[in-house]
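Asker:
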Amino acid sequence: MLNRRSILAASLAVSSAPLVFAQAMPLVRLGLVADAQYADADPLGSRFYRQSIGKLATAVEAFNRQELDLWVHLGDLIDRKWESFEEILKPVATSRHPVQHLFGNHDFDVLDEQKEKVPGRLTLAKRYGFLDKRGFRLVFLDTTDVSTYAHAIQDERTLQAQKRLKTLGQQGISQAQTWNGALGSAQMSWLKGICAEAAGKKSKVIVFAHHPVFPANTHNLWNDREVMQVVEENRSIVAWINGHNHAGNFGTRAGVPYVTLQGMVETRDTTAYAFADIYPDRLILRGVGREPSRELVFRTGSGA
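Take the position in the sequence shown, starting the count at 1, then add 869; the result is the number in this note's numbering.
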């Protein structure tokens, strides 16, 4: 049975641990959670859906004890069913900090007539956007943009996504899976534009998404290479942080660190979330539970 007291103690120990690098206050401080994936359902394999209520409540308590700019849930707040939102949003409502939600594939595992209501349920006026904080542009993508699940089954966007998925599968693309998706052309153009604008302001860009693009994995976006090209060409981008792959992952390409956070829903009695302290030249990720701590050094020539 989940022992919230032990998880809380672990979070206190990590969040209060001294950092060798942290000589000065960070410019931006965040909390990060991936894949709470709550459902009123029995465990399946290593996924303990009901335990996510207590795990997320404990994480929010830990966030509330810190001075954060906001915290981000990286998608898959629920596993299935519209009714799940009501329960898992209860611990979210206790947060004293702003919360930024991203869409995950499971967030749309609801009835067709409920799919277009998901953004509103997650208090999102737009499906993707950004926030400027003290020399950093925090970009929040919608990696369900082109997918087979984000809209009703007979919606033209769904039909086009199904065709694209079939073509990718025939080409032997390993991430051609129904649970993945792609960034559409409009969002890609938008991303390039706001990164160019950030570069003009000498701001650094950190991208947050549900799906990964690197390292190569069956959980990646369908158009991961195309997206990575945008990242590499826009030197204002200094890091990419995502969820989706519950095992977690990490890699660096062209000087950009790509971090996949571990899924909170995994295991009966261990949690996974993190604090992110952002400095001018690096991001210190302080992991709690199964989430490892990391130091992400930004590539040079990326803003002020």
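For each residue, glycine too, the CB sits at the ideal point set by N, CA and C.
1. Inspect the beta-carbon positions of Leu1111 and Leu943 and report whether they are closer than 8 Å.
2. Note down the Cα distance separating Ala891 from Leu913, rounded to an integer number of angstroms.
3. Applying the criterion that 16 or more other CB atoms from any shown protein chain within 10 Å of the CB defines a buried residue, is Ile947 buried or exposed?
4. Mapping the DSSP letters down to three states, classify Thr1121 as helix, strand or coil.
5. Among Leu1000, Asp1093 and Glu952, whose alpha-carbon lies nearest the alpha-carbon of His970?
6. Which ranges would you report for the beta strand (DSSP E) in the stretch 1101-1165 if only whole runs of at least 3 residues count?
7. Note the first and the last residue of the continuous beta strand (DSSP E) segment covering Lys995.
8. Please determine, among Gln1046, Gly1062 and Leu980, the residue with the shortest C-alpha to C-alpha distance to Gln860.
9. Whose C-beta lies closer than 8 Å to the C-beta of Met870 among residues of the same chain, with five residues either side of it excluded?
10. What do you get for Ser1043, buried or exposed, if any count of 16 or more other CB atoms within 10 angstroms of its CB means buried?
11. How many angstroms separate the CA atom of Gln1029 from the CA atom of Ala931?
12. Whose CA, out of Ala926, Leu1154, Ala928 and Ala905, lies closest to the CA of Tyr918?
13. Tell me the DSSP secondary structure of Asp1024 in three-state form.
14. Put Asp976 into one of helix, strand or coil per three-state DSSP.
15. Considering only their Cβ atoms, is the gap separating Ser915 from Glu1135 smaller than 8 Å?
16. Only counting the same chain, and skipping five residues up and downstream in sequence, which positions put a Cβ closer than 7 Å to that of Arg990?
17. Arg898 by DSSP, collapsed to three states: which one?
18. Within a Cβ cutoff of 6 Å, which residues of the same chain sit near Arg1006, ignoring the five residues on either side of it in sequence?
19. Got a sec: does the ligand MG put a non-hydrogen atom nearer than 7 Å to the Cβ of Gln1023?
20. So is Met1133 buried or exposed if we call it buried at 16+ other beta carbons inside 10 Å?
21. Please state the DSSP three-state secondary structure of Ile1063.
22. So Trp1091 packs on Asn1049, CB below 8 Å; how close in whole Å?
23. Skipping 5 residues on each side, what residues in its chain have a beta carbon closer than 6 Å to that of Gly1053?
24. Can you list, in chain order, the residues of its chain whose CB lies under 7 Å from that of Gln1046, leaving out five sequence neighbours each side?
25. Tell me, which residues are paired with Arg916 by DSSP?
26. Measuring only the C-alpha atoms, how far is Pro967 from Leu939?
27. If you measure between the beta carbons of Arg1151 and Ser1162, is that distance less than 8 Å?
Answerer: According to the structure shown:
1. Locating residue 1111 in the sequence shown gives position 242, counting from the first residue. Locating residue 943 in the sequence shown gives position 74, counting from the first residue. It is worth fixing the name first, because residue 1111 is Asn in this sequence and not Leu. Yes, Cβ-Cβ distance for Asn1111 and Leu943 is below 8 Å.
2. What you label residue 891 is simply residue 22 of the sequence shown in a count that begins at 1. What you label residue 913 is simply residue 44 of the sequence shown in a count that begins at 1. Confidence is the limiting factor: at Ala891 the pLDDT is only 47, short of 50, which leaves the residue's position unreliable and the question unanswerable from this model.
3. In the sequence shown, residue 947 corresponds to position 78, counting from 1. Buried: at least 16 other Cβ atoms inside 10 Å.
4. Looking up residue 1121 in the sequence shown gives position 252. Looking at Thr1121 - three-state DSSP - the assignment turns out to be strand.
5. Here the question's residue 970 lines up with position 101 in the sequence shown. Selected option, being the one with the closest Cα: Leu1000.
6. 1106-1111, 1118-1122, 1125-1129, 1141-1147 and 1151-1158
7. Residue numbering aside, residue 995 sits at position 126 when the sequence shown is read from its first letter. Taken as a continuous stretch (DSSP letters only), Lys995 belongs to no beta strand (DSSP E), as it is neither H nor E.
8. Residue 860 lies beyond the stretch modelled for the chain, which goes from 870 to 1173, so this question has no answer here.
9. Taking the first residue of the sequence shown as 1, we reach residue 870 at position 1. Note that Met870 scores a pLDDT of 40, beneath 50, so its modelled location is shaky and nothing firm can be said.
10. Sequence index remark: in the sequence shown, residue 1043 carries index 174 (1-based). By the 10 Å Cβ count, Ser1043 comes out exposed.
11. As a first step, residue 1029 must be located in the sequence shown, where it is residue number 160. As a first step, residue 931 must be located in the sequence shown, where it is residue number 62. Going by the C-alpha atoms only, they are around 43 Å apart.
12. For this step, residue 918 is matched to residue 49 along the sequence shown. Minimum Cα distance to Tyr918 is reached at Ala905.
13. Here the question's residue 1024 lines up with position 155 in the sequence shown. Note: Asp1024 maps to coil in three-state DSSP.
14. By one-based count along the sequence shown, residue 976 stands at place 107. Asp976: helix per DSSP, three-state reduction.
15. The residue you call residue 1135 lines up with position 266 of the sequence shown. The residue you call residue 915 lines up with position 46 of the sequence shown. For Glu1135 and Ser915, yes; Cβs fall inside 8 Å.
16. Position 121 of the sequence shown holds residue 990. When the five nearest sequence neighbours on each side are left out, the beta carbons in the same chain lying within less than 7 Å of the beta carbon of Arg990 are those of Phe954, in order along the chain.
17. One-based indexing of the sequence shown puts residue 898 at position 29. Residue state, collapsed to three classes: strand.
18. Translated into the one-based positions of the sequence shown, residue 1006 becomes position 137. So the list reads Phe999, Ala1067, Ser1072 and Val1074, once near-sequence residues are dropped.
19. In the structure shown, the ligand MG is absent, as is every other ligand, since no ligand is present at all.
20. Position 264 of the sequence shown, counted from the start, is the residue given in the question as residue 1133. Taking all protein chains in view, the Cβ of Met1133 is crowded by 16 or more other Cβ atoms within 10 Å, so the residue is classified as buried.
21. Taking the sequence shown and counting its residues from 1, the one referred to as residue 1063 is at position 194. DSSP places Ile1063 in helix when its eight states are reduced to three.
22. Sequence index remark: in the sequence shown, residue 1091 carries index 222 (1-based). Sequence index remark: in the sequence shown, residue 1049 carries index 180 (1-based). With a beta-carbon spacing of about 6 Å, Trp1091 and Asn1049 fall inside the 8 Å limit used to define contacts.
23. What you label residue 1053 is simply residue 184 of the sequence shown in a count that begins at 1. Cβ neighbours of Gly1053 beyond the five flanking positions: Asp1014 and Val1015.
24. Within the sequence shown, residue 1046 is the residue found at index 177, counting from 1. Only Thr1087 meet the Cβ criterion.
25. Position 47 of the sequence shown, counted from the first residue, corresponds to residue 916. According to DSSP, Arg916 bridges with Leu913 and Glu1135.
26. Position 98 of the sequence shown, counting from 1, holds the residue named residue 967. Position 70 of the sequence shown, counting from 1, holds the residue named residue 939. Each residue's alpha carbon lies about 5 Å from the other.
27. Along the sequence shown, one-based indexing puts residue 1151 at 282. Along the sequence shown, one-based indexing puts residue 1162 at 293. Between Arg1151 and Ser1162, the CB-CB gap reaches or exceeds 8 Å.
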